[in-house]
Amino acid sequence: MTMATPVDGANSQGEGDSNMRTVVGSLMFVFLSSTALAQNAELTGVILDSSGAAIPDAAIVITHSSTGTKQTTKSNTEGYYTASSLIPGPYEIVVSSEGFQPVHRDGINLQVGQQARVDFSLAPGSSAQIGNGGYQTS
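Position in the sequence shown (first residue = 1) + 234 = this note's numbering.
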């Protein structure tokens with residue numbers, strides 16, 4: 235039994251099917267990856283002192299109010315922070331840094347795919363808890 239061979243470099247049907255499966259598989263991967271990323275939300279902002287100067291290395295604790303899940307991060311040398319891959323829902327944030335009064339903010343509701351900006355201004359003083367529920371509110 236002799237098999238027909240492709241003429242002039244033409245692909246056999248089996249190779250074409252294999253290439254099509256690879257293309258379809260790659261497209262599905264890209265679609266599913268982007269869909270999965272869009273299911274989360276992101277918070278970003280800047281931490282400044284009362285004079286408007288950046289506060290580097292401020293500790294930021296982000297808590298999902300319904301689940302209690304916490305994510306922590308720090309501000310960079312320019313005072314900016316980013317927290318990504320957050321589950322949509324209600325959040326509260328506590329920002330603290332040595333030499334400053336901590337600030338607590340709640341009622342932040344994140345939606346699917348949202349990139350919310352939440353900035354903070356910290357007043358000089360003791361890092362001990364104060365005022366409204368133990369924290370300064372802003």
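Cβ coordinates follow ideal geometry from the N, Cα and C atoms, glycine included. Note that the coordinates shown come from a computational prediction; the quantities given were computed from them, not determined experimentally.
Own chain residues within Cβ distance below 8 Å of residue i, not counting five before or after
{"i": "S268", "result": "Caution is warranted here: a pLDDT of 48 is assigned to S268, below 50, making its placement in the model unreliable, and no coordinate value can be reported."}
{"i": "N274", "result": "S318, S319, L320, I321, P322, V346 and G347"}
{"i": "A350", "result": "A275, E276, L277, T278, I342 and L344"}
{"i": "E312", "result": "V280, A288 and P290"}
C-alpha gap between residue i and residue j, whole angstroms
{"i": "I296", "j": "N343", "result": "12 Å"}
{"i": "L266", "j": "S300", "result": "Bear in mind that the predicted position of L266 carries a pLDDT of just 49, short of 50, making it unreliable; the figure below should be weighed with that in mind. Computed Cα separation, rounded: 27 Å."}
{"i": "S355", "j": "S284", "result": "6 Å"}
{"i": "N366", "j": "T316", "result": "Residue placement at N366 cannot be trusted, given a pLDDT of 43 that sits under 50; what the coordinates show is reported in the next sentence. Each residue's alpha carbon lies about 26 Å from the other."}
Beta strand (DSSP E) segment containing residue i, residue limits
{"i": "G286", "result": "No beta strand (DSSP E) holds G286; DSSP gives it neither H nor E."}
{"i": "T426", "result": "The first residue shown for the chain is 235 and the last is 372, placing residue 426 beyond what the model contains."}
For residue i, three-class secondary structure by DSSP
{"i": "T301", "result": "coil"}
{"i": "Q349", "result": "strand"}
{"i": "P322", "result": "coil"}
{"i": "P358", "result": "strand"}
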